[in-house]
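**Student:** First residue of the sequence shown: 1377, per our numbering; consecutive thereafter.
By construction, the Cβ of each residue, glycine as well, lies at the ideal position given by its N, Cα and C atoms.
The structure is given below, and queries will be raised subsequently.
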Amino acid sequence: MFSADEASRGLGIELLEHGAGTAVLRMKVTPAMVNGHKITHGGYVFLLADTAFACACACNSHGPVTVAAGADITFVAPAYEGDVLVATAEERTRFGRSGIYDVSVRRGEDVIAEFRGRSRSITGTPPESTRDTTAAHRTPGTTTKESR
């Protein structure tokens, strides 16, 4: 899955380790990732943690196609340009088609953020194109701007 993740690989994220319900990834903070406060934009920290969650995959290591059902992040300390961040994801529990995974993002020994992801296994295979916005690919009962 990671080899097909152009977004993460394009940001220089490296997959260091992975196993059943675990993954470790690394990212160096570039000048393009720094916000107006001269700290790493939280969206990049979230993306690193979310990628580790996906790889631990953490959710997908068990076989069926698994997607994120939700995630939360708590930013603990700032990161800066040049910092090397390491995200370590670990499965906490799986129940039915759901799972809970924790990801710690660190700079050395310092915790930068703590992320909790919730996964959901889905049946079948993912569609070949997720860009299809036809009614056939919408969740029943949802309303879109186009359908109002």
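Can you name the start and end residues of the alpha helix (DSSP H) that Y1456 belongs to?
**Tutor:** Taken as a continuous stretch (DSSP letters only), Y1456 belongs to no alpha helix (DSSP H), as it is neither H nor E.
**Student:** Span of the beta strand (DSSP E) holding D1478?
**Tutor:** 1474-1483
**Student:** Going by DSSP, name the residue or residues bridged to T1450.
**Tutor:** Its beta-bridge partners are E1490.
**Student:** Where does T1469 fall in DSSP's three states?
**Tutor:** strand
**Student:** Between L1391, E1457, I1488, G1472, which lies nearest to T1427 when the distance is taken from Cα to Cα?
**Tutor:** L1391
**Student:** Name the two residues that bound the continuous alpha helix (DSSP H) containing V1421.
**Tutor:** Per DSSP, the continuous alpha helix (DSSP H) segment holding V1421 begins and ends at 1418-1431.
**Student:** What number of angstroms, rounded off, separates the C-alpha of V1410 from the C-alpha of A1383?
**Tutor:** Separation of V1410 and A1383 (C-alpha to C-alpha, rounded to the nearest whole angstrom) is 17 Å.
**Student:** Who does E1393 pair with in a DSSP beta bridge?
**Tutor:** V1400
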